[in-house]
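Note that the sequence shown ends on residue 669 in full-length UniProt numbering; no numbers are left out.
Beta carbons: idealized from backbone N, C-alpha and C, even for Gly.
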Amino acid sequence: MSNKEVKAALKSARDAIRNREYKEALKHCKAVLKQEKNNYNAWVFIGLAAAELEQPDQARGAYKKAIELEPNQLLAWQGLANLYEKPNQIDVKGDLADVYRKLLELYESGDKQKWCDVCNKLVELYHQDKKYLEVAETWQKLIKMKQEEGAEKAELHQLWKKMIFLLKDSTKNQDNKTGQLLLAAFEHALLSADTVPGDDHQNLYKDFIQCLSKFPHEVARLEKACHDMVALYPTVSYPLEVLCLHFIQSGTMSEEALHCFSRLLEMDANSGPGIIGFGIKCLKENKYKEAVKSLTEGLQKTNQCPAAWHYLAEAQMKIHEHRNAVLSCNKALEALGTPEGPNLLWKNLALQLKAETLIKIADADAAEEAIKALELIVDGSNDPVVSALRGQAYLNKGLMDQASKISQELLLSHPDLAEAHALEGFIHYSQKNYEQAEKSFLSAIERKAGTAEYHQYLGLTYWFMSDETKKDKGKALTQFLKAAKLDSCLGSAFFYLGNYYRDVAGDKSRARGCYKKAFELDEMDEESGTAAVNLSVELGDMDTALSILNEVTEKARPGTAKWAWLHRGLYYLRTGQPSQAVADLQAALRADPKDSNCWESLGEAYLNRGSYSTALKSFRKASELNPGLVYSIYRAAALEQILGKYENAIATYQQILKKTENYVPALKG
Numbered sequence: 001m002s003n004k005e006v007k008a009a010l011k012s013a014r015d016a017i018r019n020r021e022y023k024e025a026l027k028h029c030k031a032v033l034k035q036e037k038n039n040y041n042a043w044v045f046i047g048l049a050a051a052e053l054e055q056p057d058q059a060r061g062a063y064k065k066a067i068e069l070e071p072n073q074l075l076a077w078q079g080l081a082n083l084y085e086k087p088n089q090i091d092v093k094g095d096l097a098d099v100y101r102k103l104l105e106l107y108e109s110g111d112k113q114k115w116c117d118v119c120n121k122l123v124e125l126y127h128q129d130k131k132y133l134e135v136a137e138t139w140q141k142l143i144k145m146k147q148e149e150g151a152e153k154a155e156l157h158q159l160w161k162k163m164i165f166l167l168k169d170s171t172k173n174q175d176n177k178t179g180q181l182l183l184a185a186f187e188h189a190l191l192s193a194d195t196v197p198g199d200d201h202q203n204l205y206k207d208f209i210q211c212l213s214k215f216p217h218e219v220a221r222l223e224k225a226c227h228d229m230v231a232l233y234p235t236v237s238y239p240l241e242v243l244c245l246h247f248i249q250s251g252t253m254s255e256e257a258l259h260c261f262s263r264l265l266e267m268d269a270n271s272g273p274g275i276i277g278f279g280i281k282c283l284k285e286n287k288y289k290e291a292v293k294s295l296t297e298g299l300q301k302t303n304q305c306p307a308a309w310h311y312l313a314e315a316q317m318k319i320h321e322h323r324n325a326v327l328s329c330n331k332a333l334e335a336l337g338t339p340e341g342p343n344l345l346w347k348n349l350a351l352q353l354k355a356e357t358l359i360k361i362a363d364a365d366a367a368e369e370a371i372k373a374l375e376l377i378v379d380g381s382n383d384p385v386v387s388a389l390r391g392q393a394y395l396n397k398g399l400m401d402q403a404s405k406i407s408q409e410l411l412l413s414h415p416d417l418a419e420a421h422a423l424e425g426f427i428h429y430s431q432k433n434y435e436q437a438e439k440s441f442l443s444a445i446e447r448k449a450g451t452a453e454y455h456q457y458l459g460l461t462y463w464f465m466s467d468e469t470k471k472d473k474g475k476a477l478t479q480f481l482k483a484a485k486l487d488s489c490l491g492s493a494f495f496y497l498g499n500y501y502r503d504v505a506g507d508k509s510r511a512r513g514c515y516k517k518a519f520e521l522d523e524m525d526e527e528s529g530t531a532a533v534n535l536s537v538e539l540g541d542m543d544t545a546l547s548i549l550n551e552v553t554e555k556a557r558p559g560t561a562k563w564a565w566l567h568r569g570l571y572y573l574r575t576g577q578p579s580q581a582v583a584d585l586q587a588a589l590r591a592d593p594k595d596s597n598c599w600e601s602l603g604e605a606y607l608n609r610g611s612y613s614t615a616l617k618s619f620r621k622a623s624e625l626n627p628g629l630v631y632s633i634y635r636a637a638a639l640e641q642i643l644g645k646y647e648n649a650i651a652t653y654q655q656i657l658k659k660t661e662n663y664v665p666a667l668k669g
């Protein structure tokens, strides 16, 4: 076949392809290849015809042969791209990307529109495979090409926005290079925006700030972006909210942070981050109740803020709301998930605070939970304070040997650690080794004088050591006063001050004040409440006694606060108000149905009210629960006599006289 005939055959092949006669085209091409086996066009035409005849392997082979012959010719690369783009082609994404990259190289110096089309396709391919760095670098080349061609500002703005869209999910991978390209795209988009200020520009700024907040190492850039947006949009609260959350999460309480909180609250009094910030400020100023109130309110609006949950737990612990503090620590840990970087520090702090709080609850179940929390602290085994907490948890659980072992190890390895000496003191105190406990607590106070708990335990040590140390003003009293001064929410310090003033100093008025304070701090403290009521009665101040009892009974759930119901019921009984006495004594019995004295008092109340049958049942119930209650048995007999049940009454009187021969009321009956 001559050169002329080869050209004619190739023309026939091209015409056949144009007329969709693909088999005919293949015949012409094969005839050419018999003569010229390295004919580039013939291989390209075979690739094209085979592709249309659904023979992808033959098509791929033909294109690759053509490329081998002429690697920098466009036709075979274009054909291969078209082949790989067909929907029936699977597992060819990698090959297609290679083809697109080659086409970009070939189009670069020629057809710019086609270069852009291929660039778009390549980016889409990378995006499908989540290859975000390749997406960013390729799209940047496209933008550079457009800039060199003198593209309008509006077109470039849309391209930068498209880059942001393409990379919006890349922050999950935290690849630094991709992250930097994304942030650069935001900055270019903001600079190229047409209307500033404007809604689109404002929303773009919000997205930029939100994106920056996901990069822990971009703190300075985040702060600058927030300040710049505030300057442009002074009535928009969003940048201030992000800035406040950043300060909260970083634990920063600088003047700038405080200014940011107050400015946000001026703009929006209901802003979650602003209210949380105010709560943290209260916490730092030792205004613990205000802190709890504000942090709780702020977290209802912005609940996914681990640091704020931690601050709330801290404030709750300061006012001894231990169970609530544990719940807040759990919320902090839940919000943190599986943390890295700065959040890992918050996780460790939350776990440690949770353990400290559980130790204060001081029961075996809480101790077990505290031990589990301490085990989760990263590198906690190397922290002596964490070890001391573990020792306290073992002690609360009754594991004396483990607690003692930790105590001895800490005193050897960290002799200047206050917590080590305190742990030793707690162990001695629990074993009633008061003289050794005194030495340990004095050593702890020498190293950390500002800890109320150490003074409180030293006071308790003196209180139980001997009558002499209990009565010595410089011993127990001094330590309880110091504890109360250092922690004005420590109810047990006020309770023991009440004990001192009542039992040692004989100052009932001052004692009553201390018990009242202890009870106000902890309304579950029945002992303090009872003592405050009893002393009020002794001092003739029934108004205060009733005020305390009314407050407790109003808040009490059914089946609780027996002591308050009983005290008020007895008061009503003494003052001739039997119906109120019945209601209160019934409430007391709901809390403790086996209290024989309470049943006896209820019988008396029914009797005074004239309800003889019900009174009889109450006295019988009292004597069933406690057969030694002679008065209840007598009252039952007297009521049987009143109700005309004479035989029963005589039998009951005789029953009394068998036990107590000279019981005059029974003899009279």
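No Cβ-Cβ contact shorter than 8 angstroms links Y429 with A418. Here L490 carries a coil assignment [DSSP, helix/strand/coil]. Put simply, the region 251 to 268 does not touch the region 205 to 220. Fewer than three CB pairs are less than 8 angstroms apart. Comparing alpha carbon positions, the residue from T302, G110 and N82 closest to Y100 is N82. If you check the CB distance, Y612 and I642 come in under 8 angstroms.
Under the three-pair Cβ rule at 8 angstroms, the region 608 to 625 counts as touching the region 570 to 585. The C-beta of T195 has fewer than 16 other C-beta atoms within 10 Å across all chains shown, which makes the residue exposed. In the DSSP annotation of this structure, the continuous segment of the alpha helix (DSSP H) that includes I248 starts and ends at Y238 to S250. As for any beta strand (DSSP E) of minimum length 3 sitting wholly inside the region 332 to 360, there is none. One Cα belongs to N382, the other to A545, and the distance between them is close to 52 angstroms. In this structure, the beta-carbon distance from G491 to H322 does not fall below 8 angstroms.
If you look at F464, you'll find it in the alpha helix (DSSP H) that goes A452 to M465.
Uninterrupted beta strand (DSSP E) stretches at least 3 residues long and entirely within the region 92 to 174 do not occur.
Inter-residue distance for A403 and S387 is about 10 angstroms (C-alpha atoms, whole angstroms).
Counting only runs of 4+ residues, the alpha helix (DSSP H) found wholly inside the region 182 to 234 occupies 199 to 212 and 219 to 232, in chain order. In this structure, K354 sits near V326, with a CB-CB distance shorter than 8 angstroms.
Between G279 and T302, the CB-CB gap reaches or exceeds 8 angstroms. In this structure, the alpha-carbon of C489 lies about 11 angstroms from that of K287. Around the CB of L458, 16 or more other CB atoms lie within 10 Å, so the residue is classed as buried. Here DSSP, grouped into helix, strand and coil, assigns K86 to coil. Rounded to whole angstroms, the separation of the alpha carbons of K214 and A291 is 28 angstroms.
An exposed status is given to A231, since fewer than 16 other beta-carbon atoms sit within 10 Å of its beta-carbon.
DSSP places N396 inside the alpha helix (DSSP H), whose first and last residues are P384 to N396. Membership of E520 in the alpha helix (DSSP H) is indicated by the continuous run K508 to L521.
The DSSP-derived three-state label of M253 is coil.
Contact between the region 349 to 368 and the region 388 to 395 is established, with three or more Cβ pairs separated by less than 8 angstroms.
Taking 8 angstroms as the cut-off, the Cβ atoms of T530 and W565 do not count as close. Going by C-alpha positions, A591 is about 16 angstroms away from E523. In this structure, the alpha-carbon of Q35 lies about 8 angstroms from that of V6. Taking all protein chains in view, the Cβ of L412 is surrounded by fewer than 16 other Cβ atoms within 10 Å, so the residue is classified as exposed.
Burial is judged here by how many other beta carbons sit within 10 angstroms of a residue's own beta carbon; G540 has fewer than 16 and is exposed. Between I164 and A189, the gap from beta carbon to beta carbon is short of 8 angstroms.
Within the same chain, L351, Q352, A355, G380, V386, L389, R390 and A393 come within 8 angstroms of L374 by CB-CB distance, once the 5 residues on both sides are set aside. At the C-beta level, A444 and H421 come within 8 angstroms of one another.
The shortest CA-to-CA distance from E152 to any of K621, S192 and K131 is the one to S192. Within the model, the alpha-carbon separation for S170 versus D207 is close to 14 angstroms.
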